[in-house]
Amino acid sequence: MVHGRFSELGSIAADNGFRQADSILFDFGISSNQVDDPERGFSFRAEGPLDMRMDPNSTLTASQIVNEYDVAELERILREYGEERWARRIAQFVVARRPLRTTRDLAQAVEAAIPRRAWPRDINVATRTFQGIRIAVNDELGEIESGLRAALSTLKPGGRMATISFHSLEDRLVKSFFNVESKDCICPPQQPVCTCGHRATLRVITRHPVRPSEAEVAANPRARSARLRVAEKLPTPDPSP
Ligand SMILES: C[S@@+](CC[C@H](N)C(=O)[O-])C[C@H]1O[C@@H](n2cnc3c(N)ncnc32)[C@H](O)[C@@H]1O
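When we follow my numbering, the leftmost residue of the sequence shown carries the number 78, and every step to the right adds one.
Pasting the structure below:
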């Protein structure tokens, strides 16, 4: 067990004798222990500090983003990482209500910003805002990109990497990484001659993401959005084809 970041996987593996790993499993996202602890500030259901750090040693908190970022940057975070279509209005309401101190303050700002008739029926109205800010606080997408690249170089040829994603942004990153790494030439299609020199390094095992069974979702509703993808590292290509 090593306390570290996905982006440090390469050095952590090397430092612990995992130079040629047989397999690597990523279980992305947030854990129930974190969501269910109000003091971590991840949940809009319970009152807690605006924290949302997955690693309490890291510096950036949700409070800094909510209370210091300008409307444009807040809007970008909510739109890109929260996929929130009311991003601009929520950003304006958050700025107008500063200082926000608790998760409840943030949830109330979102509730005030979105007209009641436009509230989603299947998820809480603040879900996307909390997801967006959480991803920004923990640089979750940047960490996944670096982690996947580090995993590729840490795997032995024939080794497999598996990823479990919980929302579309994570799954999209994995899908495109597997897609690119399973191709030789990645030049734009209209380019007549290949100049990229790229060679495939992965073979995708799961053509479609594996979803939890009904029995699994019944036993663990939080698994409902989980998507498993697997790829195998190809033998090192012969340098002189
Ligand atoms: C879905 S939970 C894993 C749950 C665990 N597999 C279990 O069965 O209990 C994801 C975990 O990854 C951690 N995590 C998220 N981003 C990370 C990163 N960039 N580097 C290291 N750990 C990260 C989170 O703090 C969280 O504890």
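Just so it is clear, CB atoms sit at the ideal spot from N, CA and C, and this is done for glycine as well.
Residues near residue i by beta carbon distance below 8 Å, same chain, minus five either side
i	result
HIS244	GLY106, GLN208, SER302
GLY219	SER84
ASN93	VAL79
SER109	ARG299
Contacts around residue i, its chain only, beta-carbon distance under 7 Å, and the 5 residues preceding and following it disregarded
i	result
LEU86	GLY224, ALA227, ALA228, THR231
CYS262	CYS271, CYS273, HIS275
PRO286	ASP248, ARG304, LEU305, ARG306
VAL187	ILE167, VAL202, ALA203, THR206
ILE89	VAL79, GLY81
Top-ranked residue by Cα proximity to residue i, from the options
i	options	result
GLU157	LEU127, ARG211, SER88, ARG194	ARG211
LEU311	ARG237, VAL287, ALA292	ARG237
VAL171	LYS233, ALA190, ARG306, ARG304	ALA190
ILE200	ASN256, VAL143, PHE121, THR136	PHE121
ARG284	ILE154, ASN256, SER88, LEU155	ASN256
ALA139	ASP128, ARG174, ALA149, PRO176	ASP128
ALA239	ASP99, ILE154, ARG174, ALA195	ASP99
VAL112	ALA123, LEU102, PHE103	ALA123
PHE254	ALA90, GLN185, VAL281	VAL281
PHE95	TRP163, ALA213, LYS233, ALA195	LYS233
ALA277	SER290, THR313, ILE221	THR313
Residues near residue i in its chain [Cβ-Cβ closer than 6 Å; skip 5 each side]
i	result
GLY125	PRO115, GLU116, GLY118, THR180
ASN215	MET131
GLY159	ARG205, THR206, GLN208, GLY209
Residues bridged to residue i [DSSP beta-bridge criterion]
i	result
LEU102	ALA239
GLU309	ARG237, ARG280
THR231	Per DSSP, none; premise fails for THR231.
ARG304	SER242
Residue i beta carbon near ligand 3 (any heavy atom closer than 7 Å)
i	result
MET78	Among the ligands modelled here, namely ligand 1, ligand 3 does not occur.
Secondary structure of residue i, DSSP reduced to three states
i	result
PRO126	strand
ARG165	helix
VAL287	strand
THR179	strand
PHE119	coil
LEU151	helix
ASP92	helix
LEU137	coil
GLU146	For the sequence presented, residue 146 should be read as Tyr rather than Glu. TYR146 falls in the coil class under three-state DSSP.
ASP248	helix
ASN110	helix
VAL202	coil
GLY209	helix
ARG319	A query on residue 319 cannot be resolved here, the shown segment of the chain reaching from 78 to 318 and no further.
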